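**Student:**
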Amino acid sequence: GGLGILRDYQLLTGGGILTGYCQQTRPDTVPWGLEGGEDGKPAVMVHNPGTDREKNLKSKMVGMTLERGDVLRLVGAGGGGWGDPATRDAVLTDRDRVEGYA
Numbered sequence: 521g522g523l524g525i526l527r528d529y530q531l532l533t534g535g536g537i538l539t540g541y542c543q544q545t546r547p548d549t550v551p552w553g554l555e556g557g558e559d560g561k562p563a564v565m566v567h568n569p570g571t572d573r574e575k576n577l578k579s580k581m582v583g584m585t586l587e588r589g590d591v592l593r594l595v596g597a598g599g600g601g602w603g604d605p606a607t608r609d610a611v612l613t614d615r616d617r618v619e620g621y622a
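Encoded structure:
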């Protein structure tokens, strides 16, 4: 499947107001896999990931208050896979794991 993208944005100055939109036409559906491939992952927005204040956000945010140091993580949807990974060349599958693709 296609690779998603992960990008973190940190507010370095004083507070602000967030209006955000994470493009996903059907947020209740993930990109599907074909011919035995696994489904992809949905697009998500996360406020302060990896902290005790972590919060998953809706795909559309309007007027959310941010403080200095806050982090907004945007993760683009990853496409569904093609074919059963168990039938793929083991060397290629291992390489994908090492490089963080699987």
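Each residue of the sequence shown is one higher than the last, beginning at 521 in this note's numbering. The beta-carbon is built from N, C-alpha and C at its ideal position, and this holds for glycine as well. Here the structure is a predicted model, which means the values were calculated and not measured.
Considering just the uninterrupted stretch of the beta strand (DSSP E) at Val566, what are its terminal residues?
**Tutor:** Per DSSP, Val566 belongs to the beta strand (DSSP E) from 564-567.
**Student:** Below 8 angstroms on the Cβ atoms is my guess for Thr533 versus Arg588; work out the distance and round it to an integer in Å.
**Tutor:** Yes, Thr533 and Arg588 are in contact; Cβ-Cβ is about 6 angstroms, under 8 angstroms.
**Student:** Whose C-alpha, out of Gly600, Ser579, Ile537, is nearest the C-alpha of Leu489?
**Tutor:** The question about residue 489 has no answer, for the chain in this structure spans 521 to 622.
**Student:** In the DSSP assignment, find the alpha helix (DSSP H) that holds Asp616 and state where it starts and stops.
**Tutor:** 610-618 is the extent of the alpha helix (DSSP H) around Asp616.
**Student:** Could you tell me how far apart the beta carbons of Gly600 and Trp552 are, in whole angstroms, since I believe they sit closer than 8 angstroms?
**Tutor:** Right, the Cβ-Cβ distance comes to about 5 angstroms (below 8 angstroms), so this counts as a contact.
**Student:** Go ahead and label Leu592 buried or exposed: buried means 16 or more other beta carbons lie within 10 angstroms of its beta carbon, across all protein chains shown.
**Tutor:** Under this definition Leu592 is a buried residue.
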